[in-house]
Structures are given as structure tokens and as C-alpha cells.
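A.B. asks: Per this note's numbering, the sequence shown starts with residue 420, numbered consecutively.
Glycine included, every Cβ here is placed at the ideal spot set by N, Cα and C.
Predicted, not measured: the structure shown is a model, and the values here were computed from it.
Take this structure first; my questions come after.
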Amino acid sequence: MQAVQDTGSAGEVRGRTSGRTPRGARRTSPRRCAVQPASLFMRIVLGMLVGVMAVAGSARAQTAGEILERTAARYLALEQYHFAGTTAVQMQAGGRTETMDMRMQVARSRAGGMRVEVDGPTMQMTYVTDGRTSWMYQPAQRRYVRRPGGASRQEAPDLLQSYTRLASGVEDAAILRMDTLRVGAETVPAYVVAVTYSPQRLPAGTDSLRTTLWIDATRFIVLREERREHQATSPAGGPMTVAQTTVYTTASTEAPPDSLFVFHPPDGVQEVSPQVFFGSGSPDLTGRPAPGFRLPGLSGHPVALSDLKGQVVLINFWATWCGPCQVEMPVLEQLHREFGDDGLVILAINLMEPFDEARAYVQRFGYTFPVLLDIDGAVAQRYRVESVPTSLLIDREGTVVRHLVGMHPEADFRRALQALGFGE
């Protein structure tokens with residue numbers, strides 16, 4: 420049982436147990452005396468038994484599929500929340516094991532406030548809006564940008580979006596057991612649900628993915644998630660296993676404090692213009708033929724743009740050190756999964772970084788779209804890339820139809836793709 424805080428109900432979780440109290444043992448509360456009259460003790464025991472029976476009855480009454488559907492519906496309906504936690508990733512491939520820990524926080528208010536924070540070894544980003552002013556902060560570059568206006572839910576990376584699709588494409592689901600979370604002075608029941616998804620839901624190249632979820636039995640929100648993914652082949656050559664555990668240390672569906680939706684820049688951080696921050700002002704290639712190129716890929720096979728004529732190609736210039744690039748890449752992965760079999764080719768062109776660095780980054784996050792290497796930056800010059808990320812959408816005739824400089828929300832990519840027949 421994992422430590423969880425719900426500011427809307429019960430305070431801090433004090434630790435993890437097996438969910439069972441040893442025979443003859445008695446859980447105590449700081450607010451309760453150690454010695455109690457027998458009659459009061461019996462009433463407490465009876466009350467606990469009634470609660471356990473009610474939870475057990477609830478588990479029997481609902482199938483795993485119904486729990487997933489209720490949880491997905493819950494996330495779709497959320498208008499305010501505050502979640503924070505950690506994600507630990509362990510990747511094994513080519514006889515090597517790599518680990519990564521990341522902290523994240525996401526909050527939203529009914530008044531239009533939003534906060535998204537990600538802090539990890541390869542990604543650091545903070546996005547804040549109060550509905551009237553928006554801030555984006557890059558800790559690694561020690562700079563931030565301020566813009567008027569608020570943001571829709573799609574204008575910042577939605578770290579909870581996957582939970583809205585929990586019930587989609589389920590091949591098999593089972594309730595493993597009921598667990599209990601000690602939350603402050605309360606014991607909170609949670610369903611432990613194991614899910615296997617159909618091949619259509621799996622990332623390209625993944626042959627198995629098993630997810631285990633700890634779902635609050637009352638509020639139907641995810642408190643812990645464990646994922647284990649296996650790929651028969653990887654960019655390193657040979658099989659790869661990725662184990663990921665996400666633990667929410669804050670999980671509130673009450674109104675978050677207003678202080679979360681105001682950005683206070685740390686000392687020594689510089690405010691810059693949107694042109695500097697996002698790299699706007701670069702030449703626009705929209706309407707022009709896409710310059711040809713042939714580049715080596717992480718897979719070991721070169722890719723030529725001319726070989727892809729007749730298909731829609733989305734090119735994304737990126738770098739491992741680029742915070743906005745790190746935010747965009749999960750969006751590219753999602754688009755690759757959705758439309759890769761429908762004629763969309765995504766080419767992520769790494770700009771002037773060593774092969775090993777680019778490969779390690781891609782392996783760490785399990786991205787499955789093709790990654791090419793522009794070692795000397797020559798292709799970036801042809802596409803007039805002055806900053807990363809820069810994305811270009813090329814139609815089936817080889818013409819650039821969208822030239823996106825800087826980080827863009829998922830909605831921008833989807834609108835551009837919809838104009839070419841994807842996601843209609």
C-alpha cells in the first residue's frame with residue numbers, strides 16, 4: 420500500500436502495509452486512547468466489520484470492466500483537481516539496466532487555472548496559468564515567458580489523459596484483490612485491477628503490456644499504477660523490458676489553492692520574449708516543396724524523403740536537452756500509434772547529437788516512431804531550422820502544408836492532420 424495524500428478527504432498516508440492487520444493486533448489512532456471500555460471496543464469492532472463487508476460486497480457487485488469504465492468516466496468529468504507524485508522507470512535492454520525517477524504535478528481549477536510541472540533528469544518544465552496570464556518556465560535554461568490569456572486543457576501536456584481511455588481496447592481485466600490505504604486517520608479501500616490491452620492499443624513494436632492499477636473504491640481515481648512492457652526488438656537490438664511505477668502522493672478532486680496558478684520566478688531567472696522562448700520568426704516554408712534528404716536512423720537503416728512520396732510525413736527537429744521537445748514527443752508517439760497504419764509517417768530528426776545520446780533517450784522513454792540523425796545540421800539548414808522543436812507537415816505530393824516553430828499543443832497537430840484526412 421502506497422503513501423497517498425488526498426487534500427479533499429484525509430491528509431497524508433503514513434506508509435505502506437500489506438492491507439491486513441495481524442490476528443489479535445489493533446490499529447490505533449493518535450486521537451484515540453490506548454485503553455477503552457469493552458462495550459465501546461465491541462462497537463468499534465462491529466463497525467469495522469460492517470465496513471469490510473460493505474467493501475467486499477462492492478467488489479463482488481462490480482466487474483473489473485465496470486470499475487475501469489467508471490474510472491475513465493470520472494477523469495473525463497473532472498473539472499478541478501490536484502495530483503502530484505513520482506514515476507520510476509527501469510529499462511532493461513542489451514544487457515544493460517537504466518533507471519530514471521521523475522516528479523510531476525498537475526492541477527486545474529474551474530476558473531481556468533492550470534499548472535503542469537515535470538522534473539526529471541531529461542525533462543524539466545513548468546506551465547502555469549490563472550486564466551488571464553500564462554507562464555512557461557524552463558529551469559535548465561533559467562528562463563521563462565509570460566503571455567496574456569489563459570489556456571484550454573489541450574494547451575499544456577495532459578498527464579492524466581491516459582486515464583480517460585482506461586476502458587478502451589481492454590482484452591482482459593480482473594480484480595486481483597481489495598487493498599487498503601492508510602490515509603491520515605482513515606483507512607481507504609482500493610481496488611487492485613490488472614489490465615491487458617488488445618494489440619491495437621499497444622505501441623508499435625510492443626508485444627505485451629500489463630498494467631496494474633490501484634483505484635480508490637469510493638472516488639474512482641488512480642492512486643498507483645504499475646506498467647510492464649516488453650518489446651521483442653529494440654533500437655539496441657534484442658528484447659527490451661520497461662517497468663514503470665507511478666505513485667500519486669497527492670490525489671485531490673477538491674478545489675486547489677489559488678496559489679498553484681500563479682508563477683513566481685526563482686531568483687536569477689530571466690524573462691524572455693515569446694520570439695526568443697519559442698523561436699518564432701523563423702522563415703515559413705508553407706506552400707513550398709519539402710527539401711529532399713537522406714539520413715541515417717537509429718534502427719541502422721537510412722531513410723530518404725523521396726521514398727515516402729504518396730504518404731503524409733510529419734518531420735520534427737528535436738534535441739535531448741530541449742525541454743519543449745521533451746513535452747512534444749509523447750504527443751508524436753500518440754499520433755504515431757493512432758495514424759501510423761493509416762499512412763502517416765513521423766520522422767523525428769535529432770539535431771547534431773551523438774548516436775549514443777539520442778539512442779539512450781529514445782530507449783529510456785520507449786518511443787517507437789523512426790528517429791533520424793542530422794549529425795552536421797545540414798538538413799536543418801535546408802529546412803531553415805533556427806530553433807527546436809520545429810515541425811513540418813508534408814502532404815502526399817511532397818509540399819509543406821504546415822510549418823510549426825516552437826512547442827505546439829496537441830490540438831494544433833490534430834487540426835493539421837485532420838485537414839489531410841486523419842481523425843475525421
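#1: If you follow the alpha helix (DSSP H) that V807 is part of, which residue opens it and which one closes it?
#2: Going by DSSP, what residue range makes up the alpha helix (DSSP H) through D831?
#3: What does a CB cutoff of less than 7 Å around A844 pick up in its chain, not counting 5 residues either side in sequence?
#4: Given V537, which residues of its chain have a CB within under 6 Å of its CB, disregarding the five upstream and five downstream residues?
#5: Of the residues A767, P618, D814, which one's Cα is nearest the Cα of F736?
#6: Secondary structure at M826, three-state DSSP: helix, strand or coil?
#7: Does R561 pass the burial test, meaning 16 or more other C-beta atoms within 10 Å, or should it be called exposed?
#8: By DSSP, does A777 sit in helix, in strand, or in coil?
#9: According to DSSP, simplified to helix, strand and coil, what is H501?
#10: Is the region 588-603 close to the region 499-511, with three or more CB pairs under 8 Å?
#11: Can you name, in chain order, every residue of its own chain whose Cβ lies under 7 Å from the Cβ of Y494, other than the five neighbours on each side?
#12: Output needed for G470: all residues of its chain with C-beta closer than 7 Å, excluding positions within five of it in sequence on either side, in chain order.
#13: Exposed or buried, which one is G443 when buried takes at least 16 other CB atoms within 10 Å?
#14: In three-state terms, what does DSSP make of F841?
#15: Give the C-beta separation of E645 and T664 to the nearest angstrom, bearing in mind that I take them to be a contact with Cβ-Cβ under 8 Å.
#16: Checking the sheet assignment: what are the DSSP bridge partners for Y802?
#17: For F682, which option in Q753, A779, V508, M555 has the closest C-alpha, if you only look at C-alpha atoms?
#18: So, at 7 Å on beta carbons, what are the nonlocal neighbours of R833 in its own chain, with the 5 sequence-adjacent residues on each side left out?
#19: So, is E752 buried or exposed, given that buried needs 16 or more other C-beta atoms within 10 angstroms?
#20: Per the contact definition of three or more C-beta pairs closer than 8 Å, is the region 667-676 in contact with the region 685-693?
#21: Roughly how many angstroms lie between the CA atoms of T599 and V614, to the nearest whole one?
#22: What separation, rounded to the nearest whole angstrom, lies between the Cα atoms of E488 and P773?
#23: T739: which of A779, E485, V819 sits nearest, CA to CA?
#24: Let me know if A838 comes out buried or exposed under the rule of 16 or more other beta-carbons within 10 Å of its beta-carbon.
#25: Does DSSP classify A651 as helix, strand or coil?
#26: In chain order, what residues of the same chain lie with their CB nearer than 6 Å to the CB of R821, ignoring the 5 residues before and after it?
#27: Could you have a look at Q580 and say whether DSSP puts it in helix, strand or coil?
#28: Assign A613 to one of three DSSP states: helix, strand, or coil.
#29: Around the C-beta of G742, are 16 or more other C-beta atoms found within 10 angstroms, so that it is buried, or is it exposed?
#30: Using only CA atoms, which one of Y616, A530, R643, A662 lies nearest to V508?
#31: Kindly give me the distance between the Cβ atoms of G539 and M519, rounded to whole angstroms, as I take these residues to be in contact under 8 Å.
#32: For the candidate residues L724, Q499, A512, whose alpha-carbon lies nearest to that of A530?
#33: Anyone know if the C-beta pair for A799 and L770 falls short of 8 Å?
#34: Could you check the C-alpha separation between Y802 and T809 for me, to the nearest Å?
#35: Grab the span of the beta strand (DSSP E) containing I634 for me, first residue to last.
C.D. replies: The short version:
#1: Where V807 is concerned, there is no enclosing alpha helix (DSSP H), given that its DSSP letter is neither H nor E.
#2: Here the alpha helix (DSSP H) through D831 covers 829-837.
#3: Here the chain comprises residues numbered 420 to 843, so residue 844 is not present and cannot be evaluated.
#4: Result list for V537: M523, M544, in chain order.
#5: The closest CA to that of F736, considering only A767, P618, D814, is found on A767.
#6: M826: coil per DSSP, three-state reduction.
#7: Burial call: exposed.
#8: Correct three-state label for A777: helix.
#9: Three-state DSSP puts H501 in a strand.
#10: Fewer than three Cβ pairs drawn from the region 588-603 and the region 499-511 lie within less than 8 Å of each other, which leaves the two stretches out of contact.
#11: Correct list, in chain order: L579, Y582, T583.
#12: Annotation note: pLDDT 43 at G470 (below 50); position unreliable, no value reported.
#13: Residue placement at G443 cannot be trusted, given a pLDDT of 42 that sits under 50; what the coordinates show is reported in the next sentence. By the neighbour-count criterion, in which a residue is buried when 16 or more other Cβ atoms sit within 10 angstroms of its Cβ, G443 is exposed.
#14: It is coil, neither helix nor strand.
#15: The C-beta distance from E645 to T664 rounds to 5 Å, short enough to meet the 8 Å contact threshold.
#16: Beta-bridge pairing by DSSP links Y802 to no other residue.
#17: Nearest C-alpha to F682: M555.
#18: The answer, listed in chain order, is G842.
#19: Flag for E752 reads buried.
#20: Short answer: they don't touch.
#21: Here the alpha carbons of V614 and T599 stand approximately 20 Å from one another.
#22: Rounded to whole angstroms, E488 to P773 spans 45 Å at the Cα level.
#23: Comparing Cα-Cα distances from T739 to each of A779, E485, V819, the minimum goes to A779.
#24: With fewer than 16 other Cβ atoms within 10 Å, it is exposed.
#25: DSSP, reduced to helix, strand and coil, places A651 outside both helices and strands of the structure shown, so it counts as coil.
#26: Contacts found: L812, A835.
#27: The three-state secondary structure of Q580, taken from DSSP, is helix.
#28: In this structure, A613 counts as strand in the three-state DSSP scheme.
#29: Counting C-beta atoms within 10 angstroms of its own C-beta, G742 has 16 or more neighbours from the protein chains shown and is therefore classed as buried.
#30: Checked all of Y616, A530, R643, A662; the closest Cα to V508 is A662.
#31: Sure, about 6 Å apart at Cβ, within 8 Å.
#32: Ranked by how close their Cα comes to the Cα of A530, the residues L724, Q499, A512 have Q499 in first place.
#33: With contacts defined as CB atoms closer than 8 Å, A799 and L770 qualify as a contacting pair.
#34: Looking at the two C-alpha atoms, the distance is approximately 9 Å.
#35: Here the beta strand (DSSP E) through I634 covers 625-635.
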